[in-house]
Amino acid sequence: MVQPSLFDEVARCARALEPAVIAWRRDLHQHPELSNRETRTAAMVASHLAHLGLQPQTQVAYTGVVALLDSGRPGPVVALRADMDALPVAEEVDVPFASRARTTFNGQEVGVMHACGHDCHVAILMGVAELLSGLRDRLRGKIKFIFQPAEEGPPPGEEGGAALMIKQGVLENPRPEAIFGLHVFAGIDAGKIAYRPGPALASADRLRIVVRGAQTHGALPWRGVDPIVTSSQMVMALQTIVSRQVDVSLEPAVLSIGSIHGGVRDNIIPDQVEMLGTLRTFDEAMRRDIQQRIRTVVEHTAHSMGASAEVYFDNAYPVTRNDEPLTAHMLPTLKKVAGAHNVLLGQKITGYEDFSYYQQHIPGFFYFIGITPPGSGKAAPNHSPRFFVDESALRLGVQSLAQLAVDYLESGPG
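Count along the sequence shown from 1, add 8, and you get the number used in our numbering.
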């Protein structure tokens, strides 16, 4: 009897696992957990990996789970990553497994929802782990499964996410030669895959500006220095950096102020205003240039108004940059799995992904699985309370990620 090809066997196993993957995803969706608090999720993952005969390492970067599948035959080492955390969003999707979870976040009671699809990522990688464990005797090399907490960012005062996993040695013993990850994405039809070589998602810098004036009565503004008016001038001036000072034909950039806070009464001009914003770029030189321009605009505007100001950048995430040779080498795999007509060159995305930290250490390839029902029209975006997943996409996620691992182990980096 002729043994089925590995490709046919991966496809068959992905079909057979589809009901279980959907069930796992629904369970995870109904029980979401915020960053660094994914204890139930981690326990579910660890139990599943142990059932497969693997030896999961738990409590990596607080709640992360890592396991190694060793084929017993010499070959490369490849890593596969899924993120586990949910968001402080109250669900508005009418499905039987909708989240009704509540918790405290930043001192407020909030709903909790997998509004970015990380429940899908966990379920997909659980399925991939089962699929590849079942094919162990036909593989070569090693596969490291990384279930990562806190992709959305750790709570204030804590470390977390990919950066902490790397710090705690997830890319060592053994060191992967490449890493693959995926993300379900609204606005792309289920059945389709999007990818982009090079810069795919933006770097992200959290911007904090503190403007200091001199408090006075609102009826006597000349006796003080108004940080609110000064801040208003700054917001308008900051918008000219991207629109007038930076050559966005080279790479896109976004600078947004999302929060302004100052004062407590209508008739008191306060001493201080704090503004929060975000900077998104795709090029490190442009990133540094815009940061300096922000400081110049803020400091000079403050000086012109008789105020003072400081600029702080933190919570920085690097560009998610897909390794070009690795992307080119693995693209035929995606086309083989989904069909060439269903694999699209995606646009650059100004959102960020902490998968980028892994890519600073080893070649990485990150791609997108469509989850919008075909023909349904405009889809609620990721992070929306109305975020909806066409679960037929999960099988494509399992098959594509497993096949990437199989083909890489068979052929190496190319």
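Glycine residues also receive a C-beta, built at the ideal position from the N, C-alpha and C atoms.
query	result
Pick from R329, Q67, L62, A198 that is closest to V397, judged by C-alpha positions	A198
Own chain, CB closer than 6 Å to A90, minus 5 neighbours either side, in chain order	H129, V130, L133, F155
Segments assigned alpha helix (DSSP H), at least 4 residues, entirely inside the stretch 217–273	235–248
Sub-8 Å separation of K175 and L76 beta-carbons	no
Where E180 sits in the DSSP three-state scheme	coil
Check whether V406 and L36 have beta carbons under 8 Å apart	no
Cβ-based neighbour list, A317, same chain, cut-off 8 Å, excluding 5 preceding and 5 following	I217, V218, V219, R220, T238, M242, V306, E307, T309, A310
Identity of the residue in L62, F15, V97, K386 nearest L5 by Cα	This structure cannot speak to residue 5, because the chain is shown only from 9 to 422.
8 Å contact criterion, which A410 and L139 should meet: CB distance rounded	5 Å
Selected residue, minimal CA-CA separation from E180, among A19, V74, G168	V74
Endpoints, alpha helix (DSSP H) assigned at A413	401–419
Close-in-space but distant-in-sequence residues of the same chain around I298 (CB under 8 Å, 5 per side omitted)	I249, V250, V254, A261, L263, L287, T289
Test item: CB-CB of Y416 and V86 under 8 Å	yes
Coil, strand or helix - P382 by DSSP	coil
Three CB pairs or more closer than 8 Å across the stretch 118–125 and the stretch 385–402	yes
Whole-Å CB distance - L209 paired with T112, under 8 Å assumed	Rounded, the Cβ-Cβ distance is 30 Å, inconsistent with contact.
Delimiting residues of the beta strand (DSSP E) encompassing D91	85–91
Neighbourhood of E361 by C-beta, 6 Å cutoff - its chain only, sequence neighbours within 5 removed	L209, T328
Heavy atom of the ligand COA within 7 Å of E117 beta-carbon	Looking at this structure, you won't find the ligand COA or any other ligand, since it has none at all.
Distance, A69 Cα to L258 Cα	37 Å
Start and end residues, beta strand (DSSP E) containing G72	72–78
R303 versus L412 - alpha carbon distance	44 Å
Cα-Cα separation between S312 and H391, rounded to whole angstroms	40 Å
Reference E160, options P184, T224, S267, D93, closest by Cα	D93
CA-to-CA distance, R295 to V103, given in whole angstroms	42 Å
From V414, E46, P326, residue whose alpha carbon lies closest to that of G359	P326
DSSP state of G2 mapped onto helix, strand, coil	The first residue shown for the chain is 9 and the last is 422, placing residue 2 beyond what the model contains.
7 Å CB neighbourhood of A19 in its chain, flanking five on each side removed	Q407
Pick from P381, E46, P235 that is closest to D279, judged by C-alpha positions	P235
R144 to D78 span [Cα, whole Å]	8 Å
Cβ neighbours of S141 in the same chain (closer than 8 Å, five flanking residues each side left out)	L60, G61, L62, L77
For D322, the first and last residue of its enclosing beta strand (DSSP E)	316–325
Per-residue DSSP class, three states only, for K344	helix
Alpha carbon of R301 to alpha carbon of I196, nearest angstrom	36 Å
Beta-carbon gap between T71 and P164 smaller than 8 Å	no
Stretch pair the stretch 200–215 + the stretch 345–359: three plus CB contacts closer than 8 Å	yes
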